[in-house]
Amino acid sequence: MKPLSRSALSWLGLVAALPSLSLGELSPNRTLLPWAFEPLPLGTVRPLGWLHGELRALGSGLAGHEYEFWPYVKDSRWLGGRSDYSALNEALPYWFNGLVPLAYTLDDERLKGQVHAVAAEVLRRQADDGWIGPEVGEDRNLWGRVPFLLGLTQLAEANVTGWKHPIVHSLVKYLRLVDVMLRDGGQGYTLCRWHPNDCSWGQVRVHDFISVIQWVLENTEVGDRDRDMMWDTMDRLYRTSNFKWEDWYIEGRYQKVIKDAHPGNPEFPYLHGVNVGQGLKASAVIRRYSHRESLVKSTWNAVDWTFRYHGTPSGTIFADEVQRDLAPFMGAELCTAVETGYSLAYLYHAVGANEFADRAELTIFNALPVSLTHDTWGHQYMARSNQPWALRQIDRPSLFTTASGMATIFGLEPMYPCCTVNYPQGWPKFIARTWARAETGLVHALLSPSAVNTTIPHKGRVIIECKTDYPFSDRLTYSISAQSGFDLFLRFPTWGIRGESSVQLLSDASKSEAEQMTAVQVDAETGLHRLSIPAGKSTVIYTIASAIRVEPRANDAVSVYVGNVLYSLDVGQSMTSSLPHRHWDAGGDGTHEFEEYEKCRDFYFNHTKPWNVAIDPSTLRRSAWPRPAGYLERGFVDLESGGPGSFLAVDGCEINWPVLSGAAPAPPPRNPKCVTGKRTYRMIPYGAAKVHMSELPKVKLRRFWTHDPDRVADWGDL
Numbered sequence: 021m022k023p024l025s026r027s028a029l030s031w032l033g034l035v036a037a038l039p040s041l042s043l044g045e046l047s048p049n050r051t052l053l054p055w056a057f058e059p060l061p062l063g064t065v066r067p068l069g070w071l072h073g074e075l076r077a078l079g080s081g082l083a084g085h086e087y088e089f090w091p092y093v094k095d096s097r098w099l100g101g102r103s104d105y106s107a108l109n110e111a112l113p114y115w116f117n118g119l120v121p122l123a124y125t126l127d128d129e130r131l132k133g134q135v136h137a138v139a140a141e142v143l144r145r146q147a148d149d150g151w152i153g154p155e156v157g158e159d160r161n162l163w164g165r166v167p168f169l170l171g172l173t174q175l176a177e178a179n180v181t182g183w184k185h186p187i188v189h190s191l192v193k194y195l196r197l198v199d200v201m202l203r204d205g206g207q208g209y210t211l212c213r214w215h216p217n218d219c220s221w222g223q224v225r226v227h228d229f230i231s232v233i234q235w236v237l238e239n240t241e242v243g244d245r246d247r248d249m250m251w252d253t254m255d256r257l258y259r260t261s262n263f264k265w266e267d268w269y270i271e272g273r274y275q276k277v278i279k280d281a282h283p284g285n286p287e288f289p290y291l292h293g294v295n296v297g298q299g300l301k302a303s304a305v306i307r308r309y310s311h312r313e314s315l316v317k318s319t320w321n322a323v324d325w326t327f328r329y330h331g332t333p334s335g336t337i338f339a340d341e342v343q344r345d346l347a348p349f350m351g352a353e354l355c356t357a358v359e360t361g362y363s364l365a366y367l368y369h370a371v372g373a374n375e376f377a378d379r380a381e382l383t384i385f386n387a388l389p390v391s392l393t394h395d396t397w398g399h400q401y402m403a404r405s406n407q408p409w410a411l412r413q414i415d416r417p418s419l420f421t422t423a424s425g426m427a428t429i430f431g432l433e434p435m436y437p438c439c440t441v442n443y444p445q446g447w448p449k450f451i452a453r454t455w456a457r458a459e460t461g462l463v464h465a466l467l468s469p470s471a472v473n474t475t476i477p478h479k480g481r482v483i484i485e486c487k488t489d490y491p492f493s494d495r496l497t498y499s500i501s502a503q504s505g506f507d508l509f510l511r512f513p514t515w516g517i518r519g520e521s522s523v524q525l526l527s528d529a530s531k532s533e534a535e536q537m538t539a540v541q542v543d544a545e546t547g548l549h550r551l552s553i554p555a556g557k558s559t560v561i562y563t564i565a566s567a568i569r570v571e572p573r574a575n576d577a578v579s580v581y582v583g584n585v586l587y588s589l590d591v592g593q594s595m596t597s598s599l600p601h602r603h604w605d606a607g608g609d610g611t612h613e614f615e616e617y618e619k620c621r622d623f624y625f626n627h628t629k630p631w632n633v634a635i636d637p638s639t640l641r642r643s644a645w646p647r648p649a650g651y652l653e654r655g656f657v658d659l660e661s662g663g664p665g666s667f668l669a670v671d672g673c674e675i676n677w678p679v680l681s682g683a684a685p686a687p688p689p690r691n692p693k694c695v696t697g698k699r700t701y702r703m704i705p706y707g708a709a710k711v712h713m714s715e716l717p718k719v720k721l722r723r724f725w726t727h728d729p730d731r732v733a734d735w736g737d738l
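Residue numbers for the sequence shown follow the working numbering, so the first one is 21 and each next one is one higher.
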């Protein structure tokens, strides 16, 4: 960074002299738009059942051990070391942003110890002028700080007595410096020392930084001058950005078909998959301080167009770093999946439209688990909708934009290391957003097995446990303890069959069981059914009826769902492993530097059953897989290992299906012809299948190939 001007230095001196945490009130004309449903502080919600099992696996897997051995965390420049994968110095911030919610959602003391050690060291190293991070002089760039700041705000929520004061003090000091840098020509934001692209990351993702400032405004008491400075900073950050998402999501400019997928494209920041995933919430973040209702339309355009023209069946975004239309042979980054899921959850809390919550569940229940091994020691850089193998190919296949031949294997750092540090935020941030506060009660926004312990203004404490195997089951049971009566709002998904669904309230004050059963009545916008819960102990049994759903895809293909679970053709799987490869040495034999951690390996999967299959959707039927009593301990692992769980049966046949560049199946053939006789195939949840086919061509089987549509498939049939 060039030396600050005399006027900037004078302003910095003035701001630095302000009391750091003096009490003040918000300016009357500067208020944040209220949430549709207020998020609860981190730690208020705990996972139960299979979701708790997924979190435990994450904590004991790679995510929970990176701090101990992985150079980009253990030897980070942020901690006085020398390692990072990028001059942006974003590795440790990404890791911190995921480890804070993981540690506090699990209430895991070992993981909390990692979080506290890093937070203490980084805050200790904060520069006298307020800068947070290892950069000095012209190397300062705002973007790399943002994930770390997001982690700090979560830590302040989860541990108020121990961390809130030092974190807020540090954030205010940093924001004062940012204000000065922006006034001095946009240092580190629109004016960067290196290539202009170094600045683009902070601008196209600026809404995440603005959300940090909004958190400070909503959750702290700082003086009027600091508050005015923060409002000015939000405005200046957005006004001076060269990349505004509301300007992208307009007819005539938005690229429904990508014209230039090369990373050198000037519009690359708008096409980059992770940017798009983060950017889905951009207009909603800006709306909270600008109060511009036109940004709601921009938000709807962002979600609608992104998934219509570039969306995967699993709820994430096709992007081989750059968006690639609807090609199922292209990958979708794991980073993109977790950012997309978080943005969609944010949108439901901010805007309140039911579709956003449905899409958040779809992304997290499908696109996240499919890219993780059972023990979560291995992850993919990107997953493909149609992926019958996940093998190492040394030379980059020509059909991909940036993906190397290592992009779909499961390992420590396949292809690029960003996902290694970014994917751990997926499950814990989803859990933190599952419940929210409404004006008169609580909202179960993202349905899942979970427990919430909080207070409702003027109504006292409420404790709720929701036990369920959802989304693998249609029944959710709530055990409730409340100091006084309150409203419980249950979200009804858009795919639910309302006439066959029900809500039953059992309490000391309730009537007979027959009178307690009610039909589901939902708000058209939010999808919420309201229940008046009395004081004391109550039980609510919520049943959401669903049906097999077939949705069209490109090339006349189809994808199959039950509820928000995507199903894929069971192609079987075999697995081999090797020493882990560093991302710069994909062609080598692997590294021995992490041998102390024997589970840290690269994993390769291949199909063991035919993958070149067309199906007759009219023959789809549910399973009769035997289920023992009790709830699932792990959702996708239990399903993967043979039960208990669910599968579908469908009739189909093998077809001729070309392979592109020896790397991936071509787009599904139109009007395919059977090359084998009819047989029955199994379809399993996509998230449980490391190799899979989820965009399948259709075929109409000959009349004498009949089946009984009312017959439930038996496990022995397959």
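Ideal placement from N, C-alpha and C gives every residue a C-beta, glycine not left out.
_Do GLY299 and ALA322 have their beta-carbon atoms positioned less than 9 Å apart in this structure?_
Locating residue 322 in the sequence shown gives position 302, counting from the first residue. Locating residue 299 in the sequence shown gives position 279, counting from the first residue. Their beta carbons are under 9 Å apart, which means ALA322 touches GLY299 by this criterion.
task: Could you work out which residue in ALA465, THR460, THR440, VAL441 is closest to ILE451 when comparing CA atoms only?
output: Taking the first residue of the sequence shown as position 1, residue 451 is located at position 431. Here the closest residue by C-alpha is ALA465.
Should ILE230 go down as buried or exposed, given a rule of 16 or more other Cβ atoms within 10 Å for buried? Position 210 of the sequence shown, counted from the start, is the residue given in the question as residue 230. Flag for ILE230 reads buried.
Mark ALA408 as exposed unless 16 or more other C-beta atoms lie within 10 angstroms of its C-beta, in which case mark it buried. As a working note, residue 408 is residue 388 in the sequence shown. As written in the sequence, residue 408 is Pro, which differs from the Ala given in the question. By the 10 Å Cβ count, PRO408 comes out buried.
Q | Residues of its chain near ALA347, where Cβ-Cβ distance is below 7 Å and the 5 sequence neighbours each way are ignored | A | If you number the sequence shown from 1, residue 347 lands on position 327. The residues are PHE338, PRO687.
Next item on the list: Can you tell me the Cβ-Cβ gap for HIS394 and CYS439, rounded? I've got them flagged as a contact below 8 Å.
Entry: Walking along the sequence shown from the start, residue 394 turns up at place 374. Walking along the sequence shown from the start, residue 439 turns up at place 419. Going by Cβ atoms, the distance from HIS394 to CYS439 rounds to 18 Å, so no, they are not a contact pair.
*Which residues does DSSP pair with ILE484 in a beta bridge?*
Along the sequence shown, one-based indexing puts residue 484 at 464. Partner(s): VAL472, ILE500.
_Taking only three categories from DSSP, how would you classify VAL232?_
As a position in the sequence shown, residue 232 is number 212, starting the count at 1. Of the three classes helix, strand and coil, the one that applies to VAL232 here is helix, per DSSP.
How would you label LYS720, buried or exposed, when you count the other beta carbons within 10 angstroms and need 16 or more for buried? Translated into the one-based positions of the sequence shown, residue 720 becomes position 700. It is exposed - the Cβ of LYS720 has fewer than 16 other Cβ atoms within 10 Å.
With the cut-off set at 9 Å, would you say HIS627 and VAL695 are in Cβ contact?
Counting from one through the sequence shown, the residue named residue 627 turns up at place 607. Counting from one through the sequence shown, the residue named residue 695 turns up at place 675. Cβ atoms of HIS627 and VAL695: not closer than 9 Å.
Is DSSP giving PRO59 helix, strand or coil here? By one-based count along the sequence shown, residue 59 stands at place 39. In the structure shown, PRO59 sits in a strand (DSSP, three-state: E or B).
| said: Quick check: what's the CA-CA separation for LYS94 versus LEU82? | reply: Counting from one through the sequence shown, the residue named residue 94 turns up at place 74. Counting from one through the sequence shown, the residue named residue 82 turns up at place 62. Whole-angstrom Cα-Cα distance: 13 Å.
Open item on the list: Whole angstroms are fine: how far does the CA of THR488 sit from the CA of GLY736?
Closed with: On the sequence shown, position 716 is the one that residue 736 refers to. On the sequence shown, position 468 is the one that residue 488 refers to. With a pLDDT of only 39 at GLY736, under 50, the local geometry of the prediction cannot be trusted, and the value read off the model is given with reservation. Rounded to the nearest angstrom, the two C-alpha atoms are 27 Å apart.
Nearest-angstrom Cα separation, counted from TRP325 out to GLY547: By one-based count along the sequence shown, residue 547 stands at place 527. By one-based count along the sequence shown, residue 325 stands at place 305. Near 22 Å, if we compare the C-alpha coordinates of TRP325 and GLY547.
Q) Rounded to the nearest angstrom, how far is the Cβ of GLY208 from that of ARG160, given a contact under 8 Å? A) For the purposes of this step, residue 208 is identified with residue 188 of the sequence shown, where counting begins at 1. For the purposes of this step, residue 160 is identified with residue 140 of the sequence shown, where counting begins at 1. Yes, GLY208 and ARG160 are in contact; Cβ-Cβ is about 4 Å, under 8 Å.
Q.
If you measure between the beta carbons of GLU381 and ASN584, is that distance less than 9 Å?
A. Position 361 of the sequence shown, counted from the start, is the residue given in the question as residue 381. Position 564 of the sequence shown, counted from the start, is the residue given in the question as residue 584. Yes.
Report task. With DSSP collapsed to three states, give me the class of PRO67. Result -> Indexing the sequence shown from 1 puts residue 67 at position 47. Strand at PRO67.
Check your understanding: Mapping DSSP to helix, strand and coil, what is PRO717?
Key -> Within the sequence shown, numbered from 1, the residue matching residue 717 stands at position 697. Coil, per DSSP.
| query | What's the call for PRO286, buried or exposed, on a 16-neighbour Cβ count within 10 Å? | reply | For the purposes of this step, residue 286 is taken as residue 266 along the sequence shown, with counting starting at 1. The residue in question, PRO286, is exposed, as its Cβ has fewer than 16 Cβ neighbours within 10 Å.
| Residues near TYR274 in its chain [Cβ-Cβ closer than 8 Å; skip 5 each side] | Here residue 274 is taken as the residue at index 254 of the sequence shown, counted from 1. Within the same chain, TYR274 has close Cβ partners TRP268, ASN321, TRP325.
Legend entry - Straight-line gap, ALA539 to VAL482 (C-alpha atoms, nearest Å): Taking the sequence shown and counting its residues from 1, the one referred to as residue 539 is at position 519. Taking the sequence shown and counting its residues from 1, the one referred to as residue 482 is at position 462. The alpha-carbon atoms of ALA539 and VAL482 are separated by roughly 25 Å.
Residue interval of the beta strand (DSSP E) (run including TYR92):
For the purposes of this step, residue 92 is identified with residue 72 of the sequence shown, where counting begins at 1. Taken as a continuous stretch (DSSP letters only), TYR92 belongs to no beta strand (DSSP E), being part of the alpha helix (DSSP H) at 91 to 94.
query = Does the Cβ-Cβ distance between ARG76 and LEU126 come in under 9 Å?
reply = Your numbering for residue 76 matches position 56 in the sequence shown. Your numbering for residue 126 matches position 106 in the sequence shown. Yes; because the gap between Cβ atoms is below 9 Å, this pair is in contact.
**Asked** Quick one: what's ASN406 bridged to in DSSP?
**Response** In the sequence shown, the residue the question calls residue 406 occupies position 386. ASN406 pairs with MET713.
Thinking C-beta only, is THR422 closer than 9 Å to GLU359? For the purposes of this step, residue 359 is identified with residue 339 of the sequence shown, where counting begins at 1. For the purposes of this step, residue 422 is identified with residue 402 of the sequence shown, where counting begins at 1. Cβ atoms of GLU359 and THR422: not closer than 9 Å.
Q | Rounded straight-line distance, which links the Cα of ARG225 to that of HIS369 | A | Stepping through the sequence shown from its first residue, residue 369 is reached at position 349. Stepping through the sequence shown from its first residue, residue 225 is reached at position 205. Each residue's Cα considered, the two are about 19 Å apart.
Out of TYR114, GLU129, ALA107, GLY118, state which residue places its alpha-carbon closest to the alpha-carbon of GLU158. In the sequence shown, residue 158 corresponds to position 138, counting from 1. Taking only the C-alpha atoms, the option nearest GLU158 is ALA107.
Note to self: Is the separation between the beta-carbon of ALA123 and that of GLY79 shorter than 9 Å?
What the structure shows: As a working mapping, residue 123 is identified with position 103 in the sequence shown. As a working mapping, residue 79 is identified with position 59 in the sequence shown. A contact, by the Cβ cut-off of 9 Å.
Q) Should the segment 231 to 243 be called in touch with the segment 181 to 198, which here means at least 3 C-beta pairs below 8 Å? A) yes
task: Starting from HIS185, trace the alpha helix (DSSP H) both ways and give me its first and last residue.
output: Sequence index remark: in the sequence shown, residue 185 carries index 165 (1-based). From DSSP, the alpha helix (DSSP H) with HIS185 extends over 185 to 203.
Apply the 10 Å Cβ neighbour rule to SER391 and answer buried if 16 or more other Cβ atoms are within range, or exposed otherwise. In the sequence shown, the residue the question calls residue 391 occupies position 371. So SER391 counts as buried.
Inset, instruction - Assign CYS694 to one of three DSSP states: helix, strand, or coil. - result: The residue labelled residue 694 in the question sits at position 674 within the sequence shown. Strand, per DSSP.
* Asked: In chain order, which beta strand (DSSP E) runs of at least 3 residues are fully inside the segment 528 to 581?
  -> 537 to 539, 548 to 553, 556 to 563, 568 to 572
Name the one or two DSSP bridge partners that LEU462 has.
-> Here residue 462 corresponds to residue number 442 of the sequence shown, with the count starting at 1. In DSSP, LEU462 forms a bridge with ARG457, LEU508.
Inset, instruction - Check whether the Cβ atoms of TRP151 and PRO444 lie closer than 9 Å to each other. - result: One-based indexing of the sequence shown puts residue 151 at position 131. One-based indexing of the sequence shown puts residue 444 at position 424. No, Cβ-Cβ distance for TRP151 and PRO444 is not below 9 Å.
**Item:** When ALA302, GLN541, LEU52 are compared against ILE564, the one with the closest alpha-carbon
**Value:** If you number the sequence shown from 1, residue 564 lands on position 544. That would be GLN541, whose Cα lies nearest to the Cα of ILE564.
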